[in-house]
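In what follows, a structure is listed as structure tokens, so that the remarks can point back to it.
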Amino acid sequence: MCEASYCKDINRQELYPVTGFTFLGYEFRPRKAVDKYGRVYVNFSPAVSREALCMMRQTIRSWHIQLKCDKRLEDLSNMFNPVLRGWLNYYSRFHASAMKPIWLHMNAFLTRWLMRKYKHLAWHKTRARKVLGKLAASTSKAFVHWEIGYAPTAE
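Counting with the numbering used here, you get residues 546 to 700 for the letters of the sequence shown.
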């Protein structure tokens, strides 16, 4: 179905019922932007769509990371890093911070994996998160989202 969309930005301020659309996994809609002088304005720009975020979360869930207790961190990295790198390369082209929920979701599943793998972390989510942060600090290149700064903290 094709529907006309109004591309609202700093030069076009009229009200219109449809001001955005989704195309190839990107959602085009008015977003806040900052110019080189630090002024905030409205710009019509793309970012990853909600449907794509939902599909990525479902994909991560379907991997059943928490059930792979027999695997090491390097094994998990080899299994899932190509997919994560592809998502990063495709969806982070325009609005990279829109992918933050996916990276946090992946870290949450890695925390669950640690809790299932090591008995002393079984009922301690905060402790497992700290251990994951230490692992991320020691092997920062293990996962692509850790390389770009979405590693869990070891505090």
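Glycine included, C-beta positions come from ideal geometry on N, C-alpha and C.
All values derive from a computational prediction rather than experimental measurement.
Could you check if M644 is buried or exposed, using at least 16 other CB atoms within 10 Å of its CB as the buried criterion?
Answer is buried; the Cβ neighbour count reaches 16.
Take the Cβ of L560 as the centre, count every other Cβ of all protein chains shown within 10 Å, and call the residue buried at 16 or more, exposed below.
With fewer than 16 other Cβ atoms within 10 Å, it is exposed.
Between K679 and A653, which are expected to be in contact by the criterion C-beta below 8 Å, what is the C-beta distance as a whole number of angstroms?
Between A653 and K679 the Cβ distance is about 17 Å, and since that is not below 8 Å, they are no contact.
Could you tell me whether the stretch 614 to 634 touches the stretch 579 to 591, where touching means 3 or more Cβ pairs closer than 8 Å?
In short, these stretches do not touch, since the Cβ pair count stays below three.
Exposed or buried, what is M660 when buried is set at 16 or more other beta-carbons lying within 10 Å of its beta-carbon?
With 16 or more Cβ atoms within 10 Å of its Cβ, M660 is classed as buried.
If we count Cβ pairs, one from each stretch, closer than 8 Å, do we get three or more for the stretch 686 to 694 versus the stretch 629 to 645?
Cβ pair count under 8 Å is three or more, so yes.
Could you have a look at R584 and say whether DSSP puts it in helix, strand or coil?
If DSSP states are grouped into helix, strand and coil, R584 belongs with coil.
Between the beta-carbon of W658 and the beta-carbon of Q603, is there less than 8 Å?
Not a contact, by the Cβ cut-off of 8 Å.
For M600, which of P591, K581 and V628 has the nearest alpha-carbon?
Closest option to M600, Cα to Cα, is V628.
Grab me the residues of S637's own chain with a C-beta within less than 7 Å of its C-beta, minus the 5 sequence neighbours each way, in chain order.
So the qualifying residues of the chain are M644.
Buried or exposed: W668, going by 16 or more other Cβ atoms within 10 Å of its Cβ?
It counts as exposed.
Mapping the DSSP letters down to three states, classify R674 as helix, strand or coil.
Reduced to three states, the DSSP call for R674 is helix.
Count the other C-beta atoms from every protein chain shown that fall within 10 angstroms of the C-beta of S622, then say buried if there are 16 or more, exposed otherwise.
Its Cβ being crowded by 16 or more others within 10 Å, S622 is buried.
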